[in-house]
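Below is one structure, written out as structure tokens, with a few remarks after it.
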Amino acid sequence: MVLVLTPLRLALAALGALALSVPPAGAADTPDPAADAKAFRNYFVRKFPNVKLEEFVNGPYALNQDMHRQWEEKEQFPPYEFSLEMGKEMFAMPFGNGKGYADCFPNQGIGIRQNYPYFDNKEGKVVTLELALNRCREANGEPALSYVEDEMAALTAYMAFTSRGKPFDIRIPDDPRALEAYQNGKRYFYARRGQLNFSCATCHVQNPGERMRAEVLAPALGILNAMPIYRSEWGGMGTISRRFTTCNSQIRGVPLDPQDEEYRDLEYYLSYVSNGLPISGPGARP
Amino acid sequence: MASSIRVRAIAGGETTEVQTLIQHPMDSGFVKDAKGEFIPAHFIQELSFEYDGRKVFVADWGTAVSKDPYVKFSFKGGNKGDDLKVSWIDNKGETDTTIVKIQ
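Structure (structure tokens):
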């Protein structure tokens, strides 16, 4: 008898379950991220048959022609320019001990945005770019930056800019904890919360392209590819952390702390299902 | 510090099209900070564009203009390679100037 033992099956076998009684892979209740991502993408492609796949990273601008024209004009002179410049300067500025951000990242931190967040096998947790930046600072004796303010947005803006056009390449290693983090993020995405009883998906899967007051809702597909964003509504830049926490407040829920494990899992899930779409950050949104 | 003014001026036929983005808080004086205290008004009062010794565009601004304002206009004349001087002065007397080449 030939048996291919995946870690999950091994674990079950170790628990005393008979290898033969394990349900076949692909059963409905077995998490299958690759199939999820495909279904997720197909849903948006079918919903917006006139939008090219790589255009989804432009959020509402991809869905509304009038807004698209305004955006093209805006991109000639993008409002995130100042932040980008600040990020570039910050990134190049050495820490007190002489080291820099470049020493903490593969390829000196250039053109790597598409690989974040990743699952850290040693730690057993998801590591986002924002978290990695603060860990880099702390390891070099610098105080951590706020996850929702301008400095962090500037740094991630610069790192996204150097990665523009590279497709999201989020991997789920063969580790049950990684799959669990992915599943947890997916659960968070679809779970309703807050006084309005909205899930992330209520707006960004069921209603992208529709108006929420004056705003046109962005599709969840490719939504993180454009981060961080300059929002005219905020009058400034916002990180992924800022986006998640404000989304939660807007549905009158209680936001988690920025970079809470659940938010990191959410970012992991949401990035994974946008795999293959190009990084377009930093972005500008109304 | 880097200049607070970004300018792109492009000559095309008889006119030159100018786009400018300025970094400025443009505080109206009516907004409160986290402690509940008013943030004092701080806004650009005059923005001017000078070409060939004459002012081609002058804006008298007040508190109604947004943070990090953007301006786009065209003026008659202007040749590739010429200088265009942009400057602003705000209500606190702060000022910034930059000179760019028309493209």
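Chains as they are written, first to last, in the numbering used here: chain A, 629 to 914; chain B, 113 to 215.
Cβ atoms here follow ideal geometry from the backbone N, Cα and C, with glycine treated the same way.
Give every residue of the same chain whose Cβ lies closer than 7 Å to the Cβ of Val755 (chain A), excluding the five residues on either side of it in the sequence, and list them in chain order.
When the five nearest sequence neighbours on each side are left out, the beta carbons in the same chain lying within less than 7 Å of the beta carbon of Val755 (chain A) are those of Pro745, Tyr746, Asp748, in order along the chain.
Is Leu159 (chain B) close to chain A? Criterion is C-beta to C-beta, closer than 7 Å.
Not closer than 7 Å to any Cβ of chain A, the Cβ of Leu159 (chain B) fails to qualify, so no.
Report yes or no: is there a C-beta of chain A within less than 7 Å of the C-beta of Lys167 (chain B)?
No, no contact with chain A.
Is it right to say Val882 (chain A) is buried, meaning 16 or more other beta carbons lie within 10 angstroms of its own, or is it exposed?
By the neighbour-count criterion, in which a residue is buried when 16 or more other Cβ atoms sit within 10 angstroms of its Cβ, Val882 (chain A) is exposed.
Given Cys732 (chain A), which residues of its chain have a CB within under 6 Å of its CB, disregarding the five upstream and five downstream residues?
Closer than 6 Å at the Cβ level, and outside the excluded window around Cys732 (chain A), lie Cys764.
Mind listing which residues of the segment 175 to 198 of chain B have their C-beta closer than 9 Å to chain A's C-betas, in chain order?
Flagged, chain order: Ser178, Lys179, Asp180, Tyr182, Lys184.
Among residues of its own chain, excluding the 5 on either side of Ala829 (chain A), which ones have a beta-carbon nearer than 8 Å to its beta-carbon?
Sequence-distant Cβ neighbours of Ala829 (chain A) in its own chain, meaning closer than 8 Å and more than five residues away, are Phe817, Tyr818, Ala848.
Could you have a look at Ser902 (chain A) and say whether DSSP puts it in helix, strand or coil?
Residue state, collapsed to three classes: coil.
Selection of the segment 698 to 712 of chain A by Cβ proximity to chain B, strictly under 9 Å
Correct list: Glu701, Lys702, Gln704, Phe705, Pro706, Pro707, Glu709, Phe710.
Report yes or no: do three or more beta-carbon pairs, one from the segment 723 to 743 of chain A and one from the segment 825 to 844 of chain A, lie closer than 8 Å?
No contact exists between the segment 723 to 743 of chain A and the segment 825 to 844 of chain A.
Starting from Val673 (chain A), trace the alpha helix (DSSP H) both ways and give me its first and last residue.
Here the alpha helix (DSSP H) through Val673 (chain A) covers 661 to 675.
Under 7 Å, CB to CB, which of the residues in the segment 122 to 149 of chain B have a partner in chain A?
Identification of residues in the segment 122 to 149 of chain B having a C-beta nearer than 7 Å to some C-beta of chain A yields Gln131, Leu133, Gln135, given in sequence order.
Are the Cβ atoms of Asn573 (chain A) and Ser902 (chain A) separated by less than 7 Å?
As shown, chain A starts at 629 and ends at 914. That puts residue 573 (chain A) outside it, with no answer to give.
Under a Cβ-count criterion, where at least 16 other Cβ atoms within 10 Å of its own Cβ denotes burial, should Gly752 (chain A) be classed as buried or exposed?
Classified as exposed, Gly752 (chain A) has fewer than 16 neighbouring CB atoms from the shown chains inside 10 Å of its CB.
Would you say the segment 170 to 190 of chain B touches the segment 119 to 136 of chain B, given that touching needs at least three Cβ pairs under 8 Å?
Yes, they touch.
Do Tyr810 (chain A) and Ile800 (chain A) come within 7 Å of each other at the CB atom, strictly closer than that value?
Result yes, Cβ atoms of Ile800 (chain A) and Tyr810 (chain A) sit closer than 7 Å.
Identified DSSP bridge partners for Glu158 (chain B)
Its beta-bridge partners are B:Asp172, B:Ile201.
Contained beta strand (DSSP E) runs [length at least 3] in the segment 833 to 896 of chain A, N- to C-terminal order:
Runs of beta strand (DSSP E) with 3 or more residues, each lying fully within the segment 833 to 896 of chain A, are found at 857 to 859, 864 to 866, listed in chain order.
Find out if the Cβ-Cβ distance for the pair Pro706 (chain A), Met695 (chain A) is shorter than 7 Å.
For Pro706 (chain A) and Met695 (chain A), no; Cβs fall outside 7 Å.
Quick one: list the residues of chain B neighbouring Gly863 (chain A), beta-carbon separation under 8 Å, in chain order.
Near Gly863 (chain A) (Cβ distances below 8 Å), the residues of chain B are Ser178, Lys179, Asp180.
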